[in-house]
Amino acid sequence: MIGTAAGGMLLLLALSIPVAAAMGLVGLMLGEMYSPLSIYKAVGQMAWNAGNDPILVSIPFFVLLGELLLRSGIGEGMYGAMVKWLSWLPGGLMHSNIGTSAIFSATCGSSVATAATVGTVAIPQCGRYGYNERLFLGTVAAGGTLGILIPPSINLVVYGALTNTSIPALYMAAMLPGILLALLFMVTILLCCLVKPEMGGKRLRASWAERIASLKDLLPPLAIFVLVVGSIYIGVATPTEAAALGVLGSLFLVWITGRLNWGMLRSALEGTLLTTGMMLAIIIGAYFLNFVLGSVGITRGVSTFVQELDLPPMVTMLAIVAFYFVLGMFMETLSMMVATVPIIAPVVVALGFDPVWFGILVVLLIETAMITGPVGINLFVVQGLRKSGGINDVIVGALPFVGTLLAMIALMLAVPDVALLLPRLFGG
53 MIGTAAGGML LLLALSIPVA AAMGLVGLML GEMYSPLSIY KAVGQMAWNA
103 GNDPILVSIP FFVLLGELLL RSGIGEGMYG AMVKWLSWLP GGLMHSNIGT
153 SAIFSATCGS SVATAATVGT VAIPQCGRYG YNERLFLGTV AAGGTLGILI
203 PPSINLVVYG ALTNTSIPAL YMAAMLPGIL LALLFMVTIL LCCLVKPEMG
253 GKRLRASWAE RIASLKDLLP PLAIFVLVVG SIYIGVATPT EAAALGVLGS
303 LFLVWITGRL NWGMLRSALE GTLLTTGMML AIIIGAYFLN FVLGSVGITR
353 GVSTFVQELD LPPMVTMLAI VAFYFVLGMF METLSMMVAT VPIIAPVVVA
403 LGFDPVWFGI LVVLLIETAM ITGPVGINLF VVQGLRKSGG INDVIVGALP
453 FVGTLLAMIA LMLAVPDVAL LLPRLFGG
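Encoded structure:
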């Protein structure tokens, strides 16, 4: 049965069938072949439940929050401020790419929105100041991945809904790895530019007066972060309510900058509808497929098979990491997450691993998939912002940061407290 499911899924994806439809078709096929019941009749109830899940309802709010900030031009001020603070380092503006990505990630929860916002502002600067184009593009793609790790992260919301794990605990657990990963990205840039100084381009310097004056451009994202994440931790809002507050806050920020108009608002709403519709279709397809897998005994069979192997827990975890790394090269990241986590998470918990820790590990693996060819979504986002050149430039430029992500994953495996320290200290 496992071979039938995997083979059917790979065949449909190879035929360019949309992922949501492919998962639904595989579920229907398995139900007809292995179940005496009319399993397909459960689709309507699953679609209704997914649309009414209190946690998943937060997704369109987070998407709209990112769309508003993406189209409002706030990213330009953020980037200018980070240039003044970070561009004196070896690697210059490439550090600003990572710093701006980290700050923008703390407002929108989306890697695609982060890469698109930072890339729109940063990429025109590459040729102007003599940077190595490949590495520069790689920093934009890699920095964008921080969008699904640093709270508020949409993918952590989905993981929490799939595994019934606390969203506040996941957000708390993601903070330290998110900050550490951003710093490791900057260390990677430093090492590249120290080994080959010609990659670093021209450094821009600013006076302390200019740096202090630029802090006003960092206040809007900080305000959104405090509003969204702070309201969750002081107990005045659920994640969904906090996301709605974030939308109101972003509307206010766009209004006071004078950029709120019907055209911009319409574009943001259209983008939100398209993205949310795509995500909901994938979630419904995955819910149905996982329901069928459970009904015909595949989920239980996988768990029993892994336990009967009697391998050390860390060896099994390394195999899971390798599985996600390979799968991420060929499958869209959200689809990969919702299709596999309900099957793998119970096995991981049975082996004695913490579900909160595993959630952060899964997101790091998904981040790696986002900048790993041939289907890394951030690679295509960055390529779409360029005026010329092939996508191979972006893929090659992102390779050092794939190594950085793998090093971060290794650190998470060796020192679980990287993720679990803050939840334990603050009762996450």
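Position 428, counted from 1, in the sequence shown is what the numbering used here calls 480; the numbers after and before it change by one each time, with no gaps. For each residue, glycine too, the CB sits at the ideal point set by N, CA and C.
In the three-state DSSP reduction, residue 373 falls in the helix class (H, G or I).
If one requires a minimum length of 4 residues, the alpha helix (DSSP H) runs lying completely within the region 189-228 are 206-215, in chain order. With 16 or more other Cβ atoms from the protein chains shown falling within 10 Å of its own Cβ, residue 269 counts as buried. DSSP places residue 285 in the helix class (H, G or I) of the three-state scheme. Look at residue 453 here: in three-state DSSP terms it is helix. Boundaries of the alpha helix (DSSP H) harbouring residue 166: 163-180, taken from the DSSP string. The region 247-265 and the region 136-147 touch, with no fewer than 3 CB-CB distances between them shorter than 8 Å. Looking at 380, 459, 83 and 462, the one whose alpha-carbon comes closest to that of residue 425 is 380. In this structure, the straight-line span from the alpha carbon of residue 412 to that of residue 226 is close to 6 Å. The continuous alpha helix (DSSP H) containing residue 146 extends over residues 145-160. Contact annotation: the region 164-171 touches the region 194-204, with at least three C-beta pairs closer than 8 Å.
Residue 415: member of the alpha helix (DSSP H) spanning 407-422, first to last residue. Taking a cut-off of 8 Å on C-beta distances, the region 117-127 touches the region 145-164, as three or more cross pairs fall below it. Under the three-state reduction of DSSP, residue 98 is assigned to helix.
Closest by C-alpha distance to residue 171, out of 206, 125 and 282, is 125. Taking C-alpha positions only, residue 340 is separated from residue 421 by approximately 24 Å. Closest option to residue 127, judged by alpha-carbon separation, among 213, 245, 85 and 311: 311. Within the same chain, Cβ atoms closer than 7 Å to the Cβ of residue 377 are found at 417 and 420, the five residues on either side in sequence being excluded. Residue 452 sits close to residue 244, with the two beta carbons spaced by under 9 Å. Put simply, the backbone Cα of residue 428 is about 25 Å away from that of residue 215. Under a 10 Å Cβ-count criterion, residue 263 is classified as exposed, with fewer than 16 other Cβ atoms of the shown protein chains found around its own Cβ. The Cβ atoms of residue 410 and residue 402 lie no closer than 9 Å to each other.
Ranked by Cα distance from residue 466, the options 220, 390, 365 and 320 are led by 365.
Comparing C-alpha distances from residue 181 to each of 155, 344, 210 and 250 shows the shortest one belongs to 250. For residue 472, the number of other beta carbons within 10 angstroms of its own is at least 16, and it is reported as buried.
Between residue 146 and residue 192, the alpha-carbon positions lie close to 8 Å from each other. In this structure the region 109-118 lies against the region 315-327, because at least three pairs of beta carbons, one per stretch, are closer than 8 Å. Contact between residue 434 and residue 189 holds, with the beta-carbon distance rounding to 5 Å and staying under 8 Å.
DSSP, reduced to helix, strand and coil, places residue 476 within a helical segment of the structure shown. Annotation for residue 263: the continuous alpha helix (DSSP H) segment containing it runs 260-266. About 16 Å separates the beta carbon of residue 94 from that of residue 333, a gap too long to meet the 8 Å contact definition. In chain order, 283 and 297 place their CB closer than 7 Å to the CB of residue 289, counting only its own chain and leaving out the 5 sequence neighbours on each side. Taking a 10 Å sphere around the C-beta of residue 85, we find fewer than 16 other C-beta atoms and assign the residue as exposed. Rounded to the nearest angstrom, the Cβ distance from residue 460 to residue 236 is 6 Å, consistent with a contact under 8 Å. Annotation: residue 383 is outside any alpha helix (DSSP H) and is labelled neither H nor E by DSSP. When DSSP states are grouped into helix, strand and coil, residue 90 belongs to the coil group.
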